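Have a look at the structure below before the remarks.
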Amino acid sequence: MMNKWLLGGLLMCLPAKAEKEIRAMFYEAPQDAPEEVFLFDGEKNHVLKLPRMNVSQPVVVSDKATTLALSSTELESGQPLPDGTPTVKLGEGWSNVVLLLFPDPKQEKLPASIQAVNVSSDQLRPGELLW
């Protein structure tokens, strides 16, 4: 009986983080660049603000999300992504990500290319600088 209680208590202490936090920054964004876009995690659309001078507030997506897409319009779950939709793959175990957007006029759907940076706590500890 004691083993059941001990096991139950240990399971309750395990971290239950089943999500990823995504932040973004649009570096050197052109004047006409959007200030917010839809971040599609394969299941849901999330509104993602694109600040120019700092990193956005976090958007929480499912831990299952391995590829993110950005679009000026909402994307549909279960449908193929429209041609030219910018996407970025996330590494396994990434729980905290910063998306850096750079101007790319060749991209028709959203004039930006995307680079994902892993800033999870095992990569970037509190107080450390990324650059």
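The sequence shown lines up with residues -17 to 113 when you count with this note's numbering. From the three backbone atoms N, C-alpha and C, an ideal C-beta is built for every residue, glycine too. This structure is a prediction, so every number in the text was calculated from the model and none was measured.
Sub-7 angstroms separation of residue i and residue j beta-carbons
i, j, result
"Pro118", "Pro68", "The requested residue 118 is not part of the displayed model; the chain covers only -17 to 113."
"Ile96", "Leu72", "no"
"Gly66", "Lys26", "no"
"Leu83", "Val70", "no"
"Val37", "Ile4", "no"
"Ser102", "Ser77", "yes"
As assigned by DSSP and simplified to three states, the class of residue i
i, result
"Gln97", "strand"
"Ser102", "coil"
"Val37", "coil"
"Thr49", "strand"
"Ser44", "strand"
"Pro85", "strand"
"Ala6", "strand"
"Lys31", "strand"
"Glu90", "coil"
"Pro62", "coil"
"Glu25", "coil"
"Thr69", "strand"
Local Cβ density within 10 Å of residue i, reported as buried at 16 or more and exposed below that
i, result
"Lys46", "exposed"
"Val79", "buried"
"Arg34", "exposed"
"Val29", "exposed"
"Cys(-5)", "Since pLDDT at Cys(-5) reaches only 40, below the 50 mark, its modelled position is unreliable, and the value read off the structure follows with that caveat. Cys(-5) should be labelled exposed."
"Asp104", "exposed"
"Lys2", "buried"
Nearest residue (CA-CA) to residue i, options the options
i, options, result
"Pro93", "Gln39, Leu32, Glu58 and Pro62", "Leu32"
"Gly60", "Glu10, Gln39, Phe22 and Met7", "Phe22"
"Phe20", "Glu10, Leu63 and Lys88", "Leu63"
So, do the region 14 to 27 and the region 49 to 58 have three or more beta carbon pairs nearer to each other than 8 angstroms?
Touching, per the Cβ criterion.
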